[in-house]
Amino acid sequence: MKMPTLEQIRSNRNVLFWSLHAAGWAAYGISQYFGALLYESSSSYARMIAVSASAGFLLSAVGPAAARTDPRGAGDLLHHGSRTAHRHQSFV
């Protein structure tokens, strides 16, 4: 399987989104790791950074998919406020 070219990635919005999503969380993890090195944190802190970056990636990937199943969408939340969303939506 050959790697997609930059033009193919740019033309396919789904691939572009997931590429940028993964790159953003990787950049978060790398920057946190270098910050921990700068402040001489313990080595177990690197494990916590890896877990938080992975959890952030997974939770933000699952969140939009769960929101798409709600027929009212985000417009209802913006129009009626968070109180309405909490009353009518289940906790995910």
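If you're matching positions, the sequence shown starts at 21 in my numbering and goes up one per residue.
Using N, Cα and C, we set each Cβ at its ideal position, and we do this for glycine too.
* To do: Can you give me the start and stop residues for the alpha helix (DSSP H) that Ser62 sits inside?
  => No alpha helix (DSSP H) contains Ser62, which DSSP labels as neither H nor E.
* Where Trp38 falls: helix, strand or coil (DSSP) -> For Trp38, the three-state secondary structure derived from DSSP is helix.
* Which class does Tyr48 belong to by DSSP, given the choice of helix, strand or coil? -> Of the three classes helix, strand and coil, the one that applies to Tyr48 here is helix, per DSSP.
* **CB of Gly49 within 9 Å of CB of Ile69, strictly** => Yes, the Cβ-Cβ distance between Gly49 and Ile69 is below 9 Å.
* How about Asn32 and Pro24: do their beta carbons lie closer than 9 Å? -> Result yes, Cβ atoms of Asn32 and Pro24 sit closer than 9 Å.
* Cβ distance (whole Å) where Trp45 is taken to contact Gly76 below 8 Å -> In this structure Trp45 touches Gly76 by the C-beta definition: roughly 6 Å separates them, less than 8 Å.
* When you compare only the Cα positions, how much space is there between Ser4 and Glu27? -> Residue 4 lies beyond the stretch modelled for the chain, which goes from 21 to 112, so this question has no answer here.
* **Close Cβ partners of Ala56 (< 7 Å) along its chain, the five nearest in sequence each way excluded** => Only Tyr65, Ala66, Ile69 meet the Cβ criterion.
* Would you call Ala81 buried or exposed, if buried means 16 or more other Cβ atoms sit within 10 Å of its Cβ? -> The residue in question, Ala81, is exposed, as its Cβ has fewer than 16 Cβ neighbours within 10 Å.
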